[in-house]
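A.B. asks: Using this note's numbering, read the sequence shown as starting at 738 and increasing by one per residue. We put the CB at the ideal spot given by N, CA and C, even for glycine. Every value quoted in this text rests on a predicted model; they were computed, and no experiment measured them. Sending over a structure as structure tokens; questions will come in a sec.
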Amino acid sequence: MVKPLELLYELPLPIILTILIVLFPLGAYVGYWCGDHFAKKKLESFEGSNFVPTTILGLLALLLGFTFSMAVTRFDHRKQLVVEEANAFGTAFLRAETLPESHRQRVKENLKRYGDARLEIHRRVQTDEKEHELMRTVS
Numbered sequence: 738m739v740k741p742l743e744l745l746y747e748l749p750l751p752i753i754l755t756i757l758i759v760l761f762p763l764g765a766y767v768g769y770w771c772g773d774h775f776a777k778k779k780l781e782s783f784e785g786s787n788f789v790p791t792t793i794l795g796l797l798a799l800l801l802g803f804t805f806s807m808a809v810t811r812f813d814h815r816k817q818l819v820v821e822e823a824n825a826f827g828t829a830f831l832r833a834e835t836l837p838e839s840h841r842q843r844v845k846e847n848l849k850r851y852g853d854a855r856l857e858i859h860r861r862v863q864t865d866e867k868e869h870e871l872m873r874t875v876s
């Protein structure tokens, strides 16, 4: 037995578009007619429907929602990359213990220098961002 939603996946896109183009204005008209017909009091200052501004604001809300969703996804991805790099760094440092003594100390020193360099880069980026923010605030 075919489920109703599976039929939607089998329909070609132009047919779905045509159905939506017909149904949305029809639904807006039916809603306007019901509101006009069943309203107990007629408002004198009310002139028609606020359909267009409401639609524009709804689309703006969708746009903002998708924008924030993408920003959160990017932030989560960057956070995951930082965690993975930190785990890899810690694993490399622990595995340096298994090296022979002649190489162990040199590898650990190089790893410490790498960690210090990464921290310095992060500090400089934060400082540059703070200076940029300060300059933007002052000017």
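Is the separation between the beta-carbon of Arg841 and that of Ala833 shorter than 8 angstroms?
C.D. replies: yes
A.B. asks: Below 8 angstroms on the Cβ atoms is my contact criterion, and I expect Phe830 with Leu818 to pass it. Report the Cβ-Cβ distance as a whole number of Å.
C.D. replies: By a beta-carbon distance limit of 8 angstroms, Phe830 does not contact Leu818. Their separation comes to about 19 angstroms.
A.B. asks: Roughly how many angstroms separate the alpha carbons of Thr828 and Leu801, rounded to a whole number?
C.D. replies: 40 angstroms
A.B. asks: What three-state label does DSSP hand Leu763 in the structure shown?
C.D. replies: helix
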